[in-house]
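Colleague:
2 protein chains.
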Amino acid sequence: MNAKTSYFSGSAQLPKNCLSHVSVDCIILGYHDKQMKILCTEIKGMPRPKLPGGFVEKKENVDDAAYRVLEERTGLKGVFLKQFKTYGNANRTAEQTANMKHLLKKQNVNAAAMNWILDRFISVAYYALTEFSKVTLKDNFIDGESRWYDIHNMPPLIIDHEDMVRDALKILRLQIHNEPIGYNLLPSKFTLPELQALYEAILDKKLDQRNFTKKLMSLNIIKKLNEKKHIGGHRSPTLYKFNKRNYDKALKDGVALAL
Amino acid sequence: MNAKTSYFSGSAQLPKNCLSHVSVDCIILGYHDKQMKILCTEIKGMPRPKLPGGFVEKKENVDDAAYRVLEERTGLKGVFLKQFKTYGNANRTAEQTANMKHLLKKQNVNAAAMNWILDRFISVAYYALTEFSKVTLKDNFIDGESRWYDIHNMPPLIIDHEDMVRDALKILRLQIHNEPIGYNLLPSKFTLPELQALYEAILDKKLDQRNFTKKLMSLNIIKKLNEKKHIGGHRSPTLYKFNKRNYDKALKDGVALAL
DNA sequence: TCAAAAGTGTTCAATGTACACCCATGC
DNA sequence: GCATGGGTGTACATTGAACACTTTTGA
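Protein chains in written order, with the working numbering: chain R, 1 to 259; chain E, 260 to 518.
As structure tokens, this is what we get:
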């Protein structure tokens with residue numbers, strides 16, 4: 001690892017383009033085949049993985065910065081992304097700063113020029129829902145190597161990133177009762193058991209099949225098609241698709257969905 | 260107005276003690292006698308009132324900064340205060356910055372030394388619930404003169420502060436179904452009609468008296484006393500008090516209260 | 001014919017909602 | 001005695017939760 005490709009150089013996000021003291025972090029939840037995963041990144045020389053994050057360019061909306069981080073990591077556009085909390089404790093980045101000083105020294109980076117990154121940061125946190133099989137993981141200079149971790153088997157993360165994950169999951173699990181999900185997480189044609197498995201993965205609990213069907217159908221956001229999916233070995237489940245108009249209306253106005 | 264007592268001097272919050280680019284704003288909701296009010300401040304020379312806000316000291320938690328703003332304005336401690344959203348659009352402070360430049364010029368303040376305040380800010384927003392009859396309004400140098408506005412009769416506010424108010428009220432009205440309220444808003448002994456009036460003021464709608472009583476009693480957070488309140492001219496209502504232990508438990512664990 | 005998953009309704013319990021009359025008090 | 005607000009219970013509708021058998025498919 002040399003200075004050219006280190007944490008502190010080569011990135012599009014040069015200090016002079018970014019706001020000091022402000023960062024964004026993303027809890028990127030990936031779903032596929034009944035599994036929920038979280039995207040983390042590992043920087044050589046740092047003790048523990050972290051959430052993908054970044055800085056806010058001087059003329060960039062904070063929401064757009066989060067969206068940019070998401071897109072840089074996953075290559076995906078149009079993904080559901082939601083700000084959920086801002087982390088602003090004074091000492092939250094102290095440990096990270098100490099580690100970075102150490103790294104800078106080892107890499108012979110001029111610490112004075114890097115003062116901006118050694119200062120305190122507050123972080124605006126977002127969560128996103130993605131389909132991880134659609135994602136081609138991209139590493140980047142600023143934030144190291146990306147990797148999916150199973151939600152039940154997370155490593156310890158730096159600073160308050162474990163709190164962020166816990167908070168994001170808690171809020172997502174509450175929000176799911178008021179917002180439709182699934183549009184970017186399932187193929188355009190999907191079966192009810194697939195949709196149910198998605199809800200079960202997010203809520204991390206089993207749901208009653210008949211009650212689930214009944215409730216989802218009553219929301220009027222999915223439409224039964226005259227097609228079956230061939231799954232082999234078993235009865236062929238009916239395919240459904242989202243009614244995008246009603247789905248978007250439900251996103252905007254909220255739904256009532258007790259699960 | 261001279262430089263000594265102007266917007267830009269005399270405050271405990273000197274630029275060198277504060278983080279750049281980060282501010283906090285508080286939606287301080289005041290309740291008394293069935294009325295909901297919002298605390299705003301008016302700075303001479305600025306076109307419209309604003310929400311009370313402030314900056315974050317370099318070694319201060321962001322939550323504590325919001326709490327400090329609240330306390331500086333109202334003199335109240337121990338008030339319910341909750342972070343609800345962070346506003347980070349790139350151009351959100353553009354208008355304010357333009358106005359400030361104008362003000363600085365008029366006041367012959369050295370603009371170079373004030374560059375920190377003319378830059379872009381992102382704002383972490385909080386809402387608080389207070390009893391406005393307990394508040395002695397305090398002006399301050401940084402933020403002008405304080406005043407309560409009726410929630411139904413708000414003036415236009417600067418930048419995105421009207422969005423903040425709208426968002427805060429929306430979130431509060433949702434949260435009220437999961438959190439107990441009232442502890443700092445009512446006398447230690449209160450009547451059920453008083454409590455109901457508080458809920459009605461926050462939700463801005465009438466509630467059914469019998470159903471309200473039934474639901475509140477079922478939460479086990481209030482306790483009937485063997486005392487009545489003398490209100491004159493009418494039947495004397497029974498006094499209640501909060502069961503602080505259960506109230507705090509409900510704050511922490513949440514409640515289910517459909518209204 | 002067997003294994004595995006899909007599909008389909010009913011019953012019961014809990015909760016929410018609507019609603020009206022008598023009571024206490026001070027003038 | 002009258003005006004005003006306090007206090008109380010029931011009936012009905014809606015919603016949530018539990019639950020089992022038949023169908024389809026391919027091996």
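Note that CB positions come from ideal geometry on N, CA and C, so glycine has one too.
Quick one: does E:E319 have its CB under 9 Å from some CB of chain R?
Modeller: As a working note, residue 319 of chain E is residue 60 in the second sequence. By this cut-off, E:E319 is an interface position.
Colleague: Excluding the 5 residues flanking R:S218 on each side, which residues of the same chain have their C-beta closer than 8 Å to its C-beta?
Modeller: Against the first sequence, residue 218 of chain R aligns to sequence position 218. Excluding sequence neighbours, R:S218 sits near nothing in its chain.
Colleague: Look at the Cβ atom of R:L169, then the Cβ atom of R:I181, and state whether they are nearer than 9 Å.
Modeller: On the first sequence, position 169 is the one that residue 169 of chain R refers to. On the first sequence, position 181 is the one that residue 181 of chain R refers to. Not closer than 9 Å, so no.
Colleague: Alpha carbon to alpha carbon, what distance is there between E:Q342 and E:E319?
Modeller: To locate residue 319 of chain E, count along the second sequence from 1; it is residue 60. To locate residue 342 of chain E, count along the second sequence from 1; it is residue 83. E:E319 and E:Q342: Cα-Cα distance of roughly 16 Å.
Colleague: Check whether chain E comes within 9 Å of R:V124, counting only Cβ atoms and requiring the distance to be less than that.
Modeller: Taking the first residue of the first sequence as position 1, residue 124 of chain R is located at position 124. For R:V124, the answer is yes, since a Cβ of chain E falls inside 9 Å of its Cβ.
Colleague: Identify whether E:N369 lies in helix, strand or coil by the three-state DSSP scheme.
Modeller: What you label residue 369 of chain E is simply residue 110 of the second sequence in a count that begins at 1. The answer is coil: DSSP assigns E:N369 none of H, G, I, E or B.
Colleague: For the segment 130-213 of chain R, list the alpha helix (DSSP H) runs that are entirely contained and at least 4 residues long, ordered along the chain.
Modeller: Fully enclosed alpha helix (DSSP H) runs of 4 or longer: 161-175 and 192-203.
Colleague: Are any of the Cβ atoms in chain E nearer than 9 Å to that of R:A90?
Modeller: Indexing the first sequence from 1 puts residue 90 of chain R at position 90. Closer than 9 Å: yes.
Colleague: Pairs of beta-carbons, one from the segment 177-193 of chain R and one from the segment 16-26 of chain R, closer than 8 Å: are there three or more?
Modeller: No, the segment 177-193 of chain R is not in contact with the segment 16-26 of chain R.
Colleague: E:V338 touches chain R at which residues, Cβ-Cβ below 7 Å?
Modeller: Here residue 338 of chain E is taken as the residue at index 79 of the second sequence, counted from 1. Near E:V338 there are no residues of chain R at all, since even the closest Cβ is about 19 Å away, more than 7 Å.
Colleague: Just tell me which of R:T41, R:I43, R:Q35 and R:G54 has its CA closest to the CA of R:H21.
Modeller: As a first step, residue 21 of chain R must be located in the first sequence, where it is residue number 21. It is R:G54 whose Cα lies nearest to the Cα of R:H21.
Colleague: Judging by CA-CA distance, which residue of E:R351, E:G304, E:M305 and E:H493 is the nearest neighbour of R:V62?
Modeller: By 1-based counting over the first sequence, the position of residue 62 of chain R is 62. Closest option to R:V62, Cα to Cα, is E:R351.
Colleague: Whose C-beta lies closer than 8 Å to the C-beta of R:G78 among residues of the same chain, with five residues either side of it excluded?
Modeller: One-based indexing of the first sequence puts residue 78 of chain R at position 78. N184, listed in sequence order.
Colleague: Would you say E:W536 and E:C277 are within 9 Å of each other, going by their C-beta atoms?
Modeller: With chain E represented from 260 up to 518, any question about residue 536 of chain E goes unanswered, as that position is not in the structure.
Colleague: Pull the bridge partners of R:A128 from the DSSP assignment, please.
Modeller: To locate residue 128 of chain R, count along the first sequence from 1; it is residue 128. DSSP, once it has assigned bridges, lists R:I28 and R:L81 as partnering R:A128.
Colleague: Report the residue from E:Y506, E:N502, E:A324 and E:L475 whose alpha carbon sits nearest the alpha carbon of E:A517.
Modeller: Taking the first residue of the second sequence as 1, we reach residue 517 of chain E at position 258. Selected option, being the one with the closest Cα: E:L475.
Colleague: Return helix, strand or coil for R:I221, following the three-state DSSP convention.
Modeller: By 1-based counting over the first sequence, the position of residue 221 of chain R is 221. Coil, per DSSP.
Colleague: Can you tell me where the beta strand (DSSP E) with E:V514 in it begins and where it stops?
Modeller: Here residue 514 of chain E is taken as the residue at index 255 of the second sequence, counted from 1. From DSSP, E:V514 is part of no beta strand (DSSP E); its letter is neither H nor E.
Colleague: Which residues mark the beginning and the end of the beta strand (DSSP E) in which R:T41 is found?
Modeller: What you label residue 41 of chain R is simply residue 41 of the first sequence in a count that begins at 1. That run of the beta strand (DSSP E) goes Q35 to E42.
Colleague: Can you tell me the Cα-Cα spacing of E:N470 and E:Q455, whole angstroms?
Modeller: As a first step, residue 470 of chain E is located in the second sequence; it is residue number 211 there, counting from the start. As a first step, residue 455 of chain E is located in the second sequence; it is residue number 196 there, counting from the start. Going from the Cα of E:N470 to the Cα of E:Q455 covers about 11 Å.
Colleague: Could you give the DSSP three-state label for E:H493: helix, strand or coil?
Modeller: Within the second sequence, residue 493 of chain E is the residue found at index 234, counting from 1. Correct three-state label for E:H493: coil.
Colleague: Per DSSP, R:I122 forms a beta bridge with which residues?
Modeller: The count along the first sequence starts at 1 and reaches residue 122 of chain R at position 122. R:V22, per the DSSP bridge assignment.
Colleague: Can you give the Cα-Cα distance for R:L129 and R:L70, rounded to whole angstroms?
Modeller: As a position in the first sequence, residue 129 of chain R is number 129, starting the count at 1. As a position in the first sequence, residue 70 of chain R is number 70, starting the count at 1. One C-alpha to the other measures close to 10 Å.
Colleague: Name the DSSP beta bridge partners of E:Y499, please?
Modeller: Sequence index remark: in the second sequence, residue 499 of chain E carries index 240 (1-based). DSSP, once it has assigned bridges, lists E:F449 and E:K483 as partnering E:Y499.
Colleague: List, in chain order, every chain E residue whose beta-carbon is nearer than 9 Å to that of R:D63.
Modeller: Within the first sequence, residue 63 of chain R is the residue found at index 63, counting from 1. Neighbours of R:D63 on chain E, chain order: G347 and N348.
Colleague: E:Q468: buried (16+ other C-beta within 10 angstroms of its C-beta) or exposed?
Modeller: Counting from one through the second sequence, the residue named residue 468 of chain E turns up at place 209. With fewer than 16 Cβ atoms within 10 Å of its Cβ, E:Q468 is classed as exposed.
Colleague: What number of angstroms, rounded off, separates the C-alpha of R:P237 from the C-alpha of R:L203?
Modeller: Here residue 237 of chain R is taken as the residue at index 237 of the first sequence, counted from 1. Here residue 203 of chain R is taken as the residue at index 203 of the first sequence, counted from 1. The straight-line gap from Cα to Cα measures roughly 23 Å.
Colleague: Taking 9 Å as the CB-CB cut-off, is E:A271 touching chain R?
Modeller: Locating residue 271 of chain E in the second sequence gives position 12, where the first residue counts as 1. Caution applies to E:A271, whose pLDDT of 39 falls short of 50 and renders its modelled position unreliable; the value that the coordinates give is listed next. False, the Cβ-Cβ gap to chain R never drops below 9 Å.
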